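Okay, so here's the structure we're looking at.
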Amino acid sequence: MTPKILTIAPKKLIGYSVEMSLIDNKTFSIFSQLMPRLKEIKNPKSADIFCVQVYQPDYFTNFTPETLFTKWAAVEVKDFDNIPEGFEKLELTGEKYAVFLYKGTSEMFPKTAQYIYGEWLPNSGFQLDNRPHFEIMGDNYLGHENPESEEEIWVPIK
1 MTPKILTIAP KKLIGYSVEM SLIDNKTFSI FSQLMPRLKE IKNPKSADIF
51 CVQVYQPDYF TNFTPETLFT KWAAVEVKDF DNIPEGFEKL ELTGEKYAVF
101 LYKGTSEMFP KTAQYIYGEW LPNSGFQLDN RPHFEIMGDN YLGHENPESE
151 EEIWVPIK
(Lines of atoms letter the chains of each structure in order from A and count residues from 1; the text may use other names and numbers.)
(Lines give C-alpha, C1' and ligand atoms only; values in the text may rest on other atoms or scores of the structure.)
Protein backbone atom coordinates (compact mmCIF):
# COMPACT_ATOMS: atom_id res chain seq x y z
CA MET A 1 0.00 0.00 0.00
CA THR A 2 1.91 2.99 -1.33
CA PRO A 3 0.38 6.42 -0.72
CA LYS A 4 0.29 9.43 -2.98
CA ILE A 5 1.97 12.46 -1.40
CA LEU A 6 -0.20 15.52 -2.05
CA THR A 7 -0.22 19.15 -0.95
CA ILE A 8 -3.78 20.43 -0.74
CA ALA A 9 -5.35 23.85 -0.75
CA PRO A 10 -7.29 24.91 2.36
CA LYS A 11 -10.74 23.35 2.65
CA LYS A 12 -13.95 24.67 4.20
CA LEU A 13 -16.15 21.99 5.74
CA ILE A 14 -19.52 22.05 7.46
CA GLY A 15 -21.08 19.27 9.46
CA TYR A 16 -21.24 17.93 12.98
CA SER A 17 -18.59 17.09 15.55
CA VAL A 18 -18.44 15.05 18.72
CA GLU A 19 -15.80 14.32 21.34
CA MET A 20 -15.20 10.61 21.62
CA SER A 21 -12.67 7.83 22.16
CA LEU A 22 -12.18 4.52 20.42
CA ILE A 23 -13.93 2.83 23.37
CA ASP A 24 -16.85 5.29 23.29
CA ASN A 25 -17.24 5.45 19.50
CA LYS A 26 -19.92 7.96 18.45
CA THR A 27 -19.22 7.91 14.71
CA PHE A 28 -22.65 6.52 13.84
CA SER A 29 -24.43 9.28 15.78
CA ILE A 30 -22.78 12.19 13.93
CA PHE A 31 -23.24 10.59 10.53
CA SER A 32 -26.88 9.94 11.46
CA GLN A 33 -27.19 13.70 12.06
CA LEU A 34 -25.46 14.69 8.80
CA MET A 35 -26.86 12.33 6.18
CA PRO A 36 -30.56 13.31 6.39
CA ARG A 37 -29.60 17.00 6.07
CA LEU A 38 -27.31 16.82 3.02
CA LYS A 39 -29.96 18.32 0.70
CA GLU A 40 -30.00 21.47 2.85
CA ILE A 41 -26.41 22.27 1.87
CA LYS A 42 -26.69 24.61 -1.11
CA ASN A 43 -23.01 25.10 -1.99
CA PRO A 44 -21.20 21.75 -1.76
CA LYS A 45 -17.95 21.39 -3.72
CA SER A 46 -18.78 17.72 -4.42
CA ALA A 47 -20.88 14.83 -3.17
CA ASP A 48 -17.93 13.49 -1.12
CA ILE A 49 -18.41 12.95 2.59
CA PHE A 50 -15.54 13.72 4.99
CA CYS A 51 -14.83 11.88 8.23
CA VAL A 52 -12.32 14.07 10.11
CA GLN A 53 -10.36 13.35 13.29
CA VAL A 54 -8.83 16.21 15.28
CA TYR A 55 -6.29 14.95 17.82
CA GLN A 56 -4.53 16.71 20.68
CA PRO A 57 -0.75 17.10 20.12
CA ASP A 58 0.07 14.24 22.54
CA TYR A 59 -2.67 11.88 21.30
CA PHE A 60 -0.35 9.35 19.67
CA THR A 61 2.40 9.48 22.32
CA ASN A 62 -0.05 9.00 25.22
CA PHE A 63 -2.59 6.84 23.37
CA THR A 64 -5.02 4.53 25.10
CA PRO A 65 -8.39 3.34 23.75
CA GLU A 66 -9.97 5.87 26.16
CA THR A 67 -7.98 8.87 24.81
CA LEU A 68 -10.38 11.56 23.63
CA PHE A 69 -10.39 13.23 20.21
CA THR A 70 -12.92 15.14 18.12
CA LYS A 71 -14.58 13.43 15.17
CA TRP A 72 -16.44 15.24 12.39
CA ALA A 73 -18.93 14.12 9.76
CA ALA A 74 -18.77 16.86 7.13
CA VAL A 75 -19.07 18.09 3.55
CA GLU A 76 -16.71 20.45 1.75
CA VAL A 77 -18.39 23.71 0.73
CA LYS A 78 -17.36 26.55 -1.58
CA ASP A 79 -17.76 29.14 1.19
CA PHE A 80 -19.34 29.63 4.59
CA ASP A 81 -22.24 31.71 3.24
CA ASN A 82 -25.75 30.38 3.98
CA ILE A 83 -24.80 27.57 6.36
CA PRO A 84 -27.92 25.66 7.42
CA GLU A 85 -28.92 26.13 11.06
CA GLY A 86 -27.16 23.81 13.47
CA PHE A 87 -24.16 23.03 11.25
CA GLU A 88 -20.64 23.66 12.56
CA LYS A 89 -17.69 25.02 10.53
CA LEU A 90 -14.23 23.48 10.21
CA GLU A 91 -11.35 24.81 8.14
CA LEU A 92 -8.51 22.56 7.05
CA THR A 93 -5.23 24.27 6.27
CA GLY A 94 -3.60 23.36 3.00
CA GLU A 95 -0.49 21.32 3.53
CA LYS A 96 1.10 17.94 2.80
CA TYR A 97 -0.75 14.63 3.21
CA ALA A 98 -0.02 10.97 2.53
CA VAL A 99 -3.13 9.61 0.81
CA PHE A 100 -3.87 5.90 1.01
CA LEU A 101 -6.63 4.13 -0.91
CA TYR A 102 -8.42 1.76 1.48
CA LYS A 103 -10.72 -1.02 0.35
CA GLY A 104 -12.66 -3.08 2.88
CA THR A 105 -14.99 -2.99 5.86
CA SER A 106 -14.56 -0.85 8.96
CA GLU A 107 -13.74 -4.05 10.90
CA MET A 108 -10.73 -4.59 8.62
CA PHE A 109 -9.44 -1.02 9.09
CA PRO A 110 -7.30 -1.50 12.27
CA LYS A 111 -4.86 -3.68 10.29
CA THR A 112 -4.46 -0.89 7.72
CA ALA A 113 -4.02 1.74 10.44
CA GLN A 114 -1.33 -0.42 12.07
CA TYR A 115 0.49 -0.58 8.74
CA ILE A 116 0.23 3.19 8.09
CA TYR A 117 1.32 4.34 11.56
CA GLY A 118 3.48 1.38 12.61
CA GLU A 119 5.29 0.50 9.39
CA TRP A 120 4.90 3.03 6.58
CA LEU A 121 5.28 6.27 8.58
CA PRO A 122 8.42 5.30 10.57
CA ASN A 123 10.11 4.18 7.32
CA SER A 124 8.83 6.97 5.07
CA GLY A 125 11.18 9.84 5.89
CA PHE A 126 8.13 11.87 6.97
CA GLN A 127 6.83 12.76 10.41
CA LEU A 128 3.23 12.91 11.51
CA ASP A 129 2.04 16.52 11.54
CA ASN A 130 -0.38 17.88 14.17
CA ARG A 131 -3.26 18.67 11.82
CA PRO A 132 -6.58 16.94 11.22
CA HIS A 133 -6.59 13.46 9.74
CA PHE A 134 -9.48 12.62 7.45
CA GLU A 135 -11.12 10.10 5.18
CA ILE A 136 -13.01 10.95 2.01
CA MET A 137 -15.91 8.72 1.10
CA GLY A 138 -16.63 9.31 -2.58
CA ASP A 139 -18.43 7.47 -5.36
CA ASN A 140 -16.78 4.12 -4.56
CA TYR A 141 -17.77 4.18 -0.90
CA LEU A 142 -20.40 1.47 -0.55
CA GLY A 143 -20.90 1.52 3.24
CA HIS A 144 -18.78 0.50 6.20
CA GLU A 145 -19.83 -3.18 6.06
CA ASN A 146 -19.18 -3.76 2.34
CA PRO A 147 -15.78 -5.42 1.61
CA GLU A 148 -15.75 -3.73 -1.84
CA SER A 149 -16.13 -0.25 -0.32
CA GLU A 150 -13.32 2.23 -1.02
CA GLU A 151 -12.27 5.44 0.70
CA GLU A 152 -9.21 7.67 0.82
CA ILE A 153 -7.27 7.96 4.06
CA TRP A 154 -5.49 11.34 4.41
CA VAL A 155 -2.62 11.41 6.95
CA PRO A 156 -0.98 14.81 7.69
CA ILE A 157 2.79 14.67 7.22
CA LYS A 158 5.79 16.98 7.29
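For the sequence shown, counting from 1, position 36 maps to 36 in the UniProt record's numbering; every step adds exactly one.
Glycine included, C-beta positions come from ideal geometry on N, C-alpha and C.
The model shown is predicted, which means the values in this text are computed figures rather than measured ones.
Report the option in the options whose CA atom is closest to the CA atom of residue i.
i: Y141; options: K103, S46, K71 and V75; result: K103
i: P65; options: N43, M35, Y97 and N25; result: N25
i: Y16; options: Q114, L38 and K45; result: L38
i: Y59; options: L128, P10, S46 and I116; result: L128
i: K71; options: P57, T27 and Y117; result: T27
i: S106; options: D79, K96, Y115 and N146; result: N146
i: M1; options: I157, P156 and L121; result: L121
i: M108; options: S46, G86, H144 and L90; result: H144
i: V18; options: D81, E85 and L90; result: L90
i: I136; options: Q33, M35, A47 and S32; result: A47
i: G118; options: P57, E85 and T61; result: T61
i: T33; options: G86, P57 and F63; result: Reading the sequence as shown, one finds Gln at residue 33 and not Thr. For the residues G86, P57 and F63, the minimum Cα distance to Q33 belongs to G86.
Quick check: residue i and residue j, are their CB atoms within less than 9 Å of each other?
i: A73; j: I49; result: yes
i: T112; j: I153; result: yes
i: A98; j: I5; result: yes
i: N123; j: Y55; result: no
i: G138; j: E151; result: yes
i: I8; j: G94; result: yes
i: P3; j: K96; result: no
Check the C-beta distance from residue i over to residue j and give it rounded, since I have them as a contact under 8 Å.
i: P44; j: E76; result: 7 Å
i: S29; j: L68; result: So it is not a contact: roughly 15 Å between Cβ atoms.
i: F134; j: V52; result: 4 Å
i: L92; j: P132; result: 6 Å
i: K11; j: D79; result: Contact doesn't hold; Cβ gap of about 12 Å is too wide.
Could you give the uninterrupted runs of the alpha helix (DSSP H) lying entirely in the UniProt domain "AraC effector-binding" (1-158), keeping only those of 4 residues or more?
Listed in chain order, they are 27-34, 109-114 and 121-124.
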